[in-house]
Amino acid sequence: MSLEQQLIFLFSAIGALNGFAISAYFLFKRGEKRLSDYFLGGLLFMMSMRVIKSVFRYFNPQLFETFIELGLTACFLIGPFLYLYIKSMQQPEANLKRTWWWHIVPFVLLITIFRQYYSYYADRQIWGYFIEGIYKQWMVYIFLSAYLLLPIFKKLWKRQEKVTDEEVWLLNIFFGVTTVWLAYENSRYTSYIVGALSFTFLLYISILLWFYKRYNKSLATDPPIKYANSSLTSEEIIQQYRKLDQLMQVAKPHLDPSLTIAKLSEQLGLNSKELSQIINQSTDKNYSQYIAQLRIEEAKRLLTAPDYSNYKIAAIAYESGFNSLSSFNAYFKKLVGKTAQAYRKQSATQ
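Residue numbers for the sequence shown follow my numbering, beginning at -7 and rising by one.
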């Protein structure tokens, strides 16, 4: 094996092995389990299985049959796990606990029965047709996932509301899986190993995105020039922030889930850029973080209010202005340091 081949093998295999490690974290190690964690862990595991099969198949064409068939089985489940993960994040109220297996079990049974009747090496032509079907099934689930992500795509298109960190993460997962699918689908025109290399590259991009999000790091080291041409003076920023603070305390527009920076700016007689500057320079937060902080404070109040003692956490989240339970849970844990349920229990004992 030449040095070039050794490097290709190394980078491809490392991506798959790290994928296994991260999938194990979501499936077994992460402290507070959610259904979405299992779906994401399953997705990463299946992607890693598909990639490791590609790596060894590329460098050893005579790989034993069972290993190849297991890799193709994993490929059959990538699309379903992608769809289930995005749905669990976008529609947390959906009853996936009872229905998720409809997207997994039939495909597992189908490929298991198929493997009993057809051997990969002995029936290569039949397997070729079956593999084409696998990639078409993967494509269908990509389209179904894209449909779930339409609200985020509309945000990006209209540019009236900032995309949240969680939504950026979902887009990253979606486009990552789609890119790997395209790499494998077009391998006849490029190279079979491109899919494995794509997965490695995209996996590390995802790890970096998670790292910088988790520790609030900035990807840039030079000072910001965002408000270099602003006409607002320091005194005006202070005055406008007082006006904003009074509005939020009295009218509480942040309890409206459809509130956008454009709507809030209109209430204050400002434009969106000016309001963004006022919030950023007065609180050191962006618009989304500022609104989330206010909504979390409202949620904390409701969680300890006797009148809301029978309300479920999801109801509290919506009453506080969140339109996504997953977003509420993420912000609450980040800003309060514990889950909403733990906060309610602790408050009840004090």
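Cβ coordinates follow ideal geometry from the N, Cα and C atoms, glycine included.
Query	Result
Check whether the Cβ of K146 sits closer than 7 Å to any heavy atom of the ligand COA, and report yes or no.	Among the components modelled here there is no ligand, and therefore nothing to report on the ligand COA.
Specify the secondary structure class of N302 as computed by DSSP and reduced to three states.	coil
So G33 and W130 are supposed to be a Cβ contact under 8 Å. How far apart are they, rounded?	Actually they are not in contact, since the Cβ atoms of G33 and W130 sit about 19 Å apart, beyond 8 Å.
Compare the beta carbon distance of V172 and M41 with 8 Å and say whether it is the shorter of the two.	no
For the putative contact between S274 and Y323, defined by C-beta atoms under 8 Å, what is the C-beta separation to the nearest angstrom?	Incorrect: roughly 20 Å between the Cβ atoms, too far for contact.
Checking 8 Å against the spacing of the C-beta atoms, do S15 and Y77 come in under that value?	no
Could you give the distance in angstroms between the alpha-carbon of K146 and the alpha-carbon of M240?	27 Å
For Y113, count neighbouring Cβ atoms within 10 angstroms of its own Cβ and tell me buried if that reaches 16, exposed if not.	exposed
Below 8 Å on the Cβ atoms is my guess for I118 versus Y110; work out the distance and round it to an integer in Å.	5 Å
Would you mind stating whether N321 and T331 have Cβ atoms separated by less than 8 Å?	yes
Where does A307 land, buried or exposed, given buried means 16+ other C-beta within 10 angstroms?	exposed
For L163, which of A138, L101, F99 and R151 has the nearest alpha-carbon?	A138
In chain order, what residues of the same chain lie with their CB nearer than 8 Å to the CB of Y17, ignoring the 5 residues before and after it?	G33
Measuring CB to CB, does P249 end up less than 8 Å from G329?	no
Check whether the Cβ atoms of E158 and S339 lie closer than 8 Å to each other.	no
Using the Cβ count rule (16 or more neighbours within 10 Å means buried), how would you classify K292?	buried
Which of the three DSSP states is assigned to I271 in this structure?	helix
What span of residues does the alpha helix (DSSP H) with V132 cover, start to end?	R116 to L140
Going by DSSP, what residue range makes up the alpha helix (DSSP H) through W92?	Where W92 is concerned, there is no enclosing alpha helix (DSSP H), given that its DSSP letter is neither H nor E.
May I ask you to report which of helix, strand or coil DSSP gives P245?	helix
Cα separation between V43 and G63?	8 Å
Count the other CB atoms within 10 Å of the CB of T213; is the residue buried (16 or more) or exposed (fewer)?	For T213, the predicted model reports a pLDDT of 35, less than 50, meaning its position is unreliable and no value from the coordinates is stated.
Determine the DSSP secondary structure at K337, reduced to helix, strand or coil.	helix
Look at the Cβ atom of L19, then the Cβ atom of F73, and state whether they are nearer than 8 Å.	no
Are the beta-carbon atoms belonging to K89 and L140 less than 8 Å from one another?	no
Using the rule of at least 16 other Cβ atoms within 10 Å of the residue's Cβ for burial, across every protein chain shown, is I105 buried or exposed?	exposed
L260: which of S280, L236, K244 and Y279 sits nearest, CA to CA?	L236
Does the Cβ-Cβ distance between S280 and T156 come in under 8 Å?	yes
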